[in-house]
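The block underneath contains the structure these notes are about, expressed in structure tokens.
Chains as they are written, first to last, in the numbering used here: chain X, 1 to 118; chain C, 1 to 115.
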């Protein structure tokens, strides 16, 4: 059973460029989450999907950010016109939500994708 | 709204001594509580969670945590610390109902275990 996989692990980009991160969740997990973590802070929620449906987006997710999960499996997070303030680690996570304990499921995180905007 | 406070930025402990990493939470209704550990430049690893039932929860690598509803706390403990336990520890909370099933994290506590 492989864990959550993220690609690329590191990305350096110039301000104004677009970047895309990919996340492959644990097989059979129906929920997928994106979080952002900056130095010295805990992860902050960005958005999550139930299968292919994007059910919630944080106010942190500006209109330059877009996330998709087209077939309910892998997901992409695109940042357009990057700014230096976008520099952070972007964490993907997944979980299996069941009817018995929908909130008690464990959320498993990937290794993260580091973004540096120069 | 839900929130987590980790009052200590850093905890230092000698190897072999017991360790405690503190966490308090604020959430409407009953909470789900989690502890994660993060090693440098890595993602978060799940340690343990409290859903319901016994207030003392046992998790990975010998860690345990005690849920205290009256004090709204969920402190992480280990009877005997190892140097390899040195890492960044995050407490997180989810609401029992609603809240979109998302975790809210504290700012983290750096644990340093010395010989």
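Heads up, the beta-carbon is just placed ideally off N, CA and C, and yes, glycines get one too.
Beta carbon proximity, residue 24/C to chain X, threshold 7 Å: With 7 Å as the cut-off, residue 24/C does not count as an interface residue toward chain X.
Residue 21/X vs residue 113/X beta-carbon contact at 7 Å: It is a contact, given that the beta carbons lie within the stated cut-off.
Helix, strand or coil at residue 68/C [DSSP, three-state]: strand
Listed by chain order, chain C residues near residue 91/X by CB distance under 9 Å: 43 and 44
Within chain X, the residues that residue 53/C reaches when beta carbons sit closer than 7 Å: Those do not exist, as residue 53/C stays about 11 Å from chain X at its closest Cβ, beyond 7 Å.
Within-7 Å CB hit, residue 67/C to chain X: Judged by the 7 Å Cβ criterion, residue 67/C is not in contact with chain X.
Contact set between residue 111/X and chain C, taken where Cβ atoms lie within less than 8 Å: 42 and 43
Sequence-distant residues of its chain with Cβ nearer than 7 Å to residue 56/X (five each side left out): 47 and 48
Residues near residue 4/C in its chain [Cβ-Cβ closer than 7 Å; skip 5 each side]: Excluding sequence neighbours, residue 4/C sits near 23, 25, 91, 92, 93, 104, 105 and 106.
Contacts that residue 97/X makes with chain B (C-beta to C-beta distance below 8 Å): The structure shown has no chain B; the protein chains it does contain are X and C.
Where residue 31/X meets chain C, residues with beta-carbon distance less than 8 Å: 101
Element boundaries [beta strand (DSSP E), containing residue 12/X]: Note, residue 12/X: beta strand (DSSP E), 10 to 13.
Backbone CA spacing between residue 47/C and residue 85/C [nearest angstrom]: 12 Å
Beta-bridge partners of residue 24/C, as assigned by DSSP: 5/C and 73/C
Terminal residues of the beta strand (DSSP E) in which residue 22/X lies: 19 to 24
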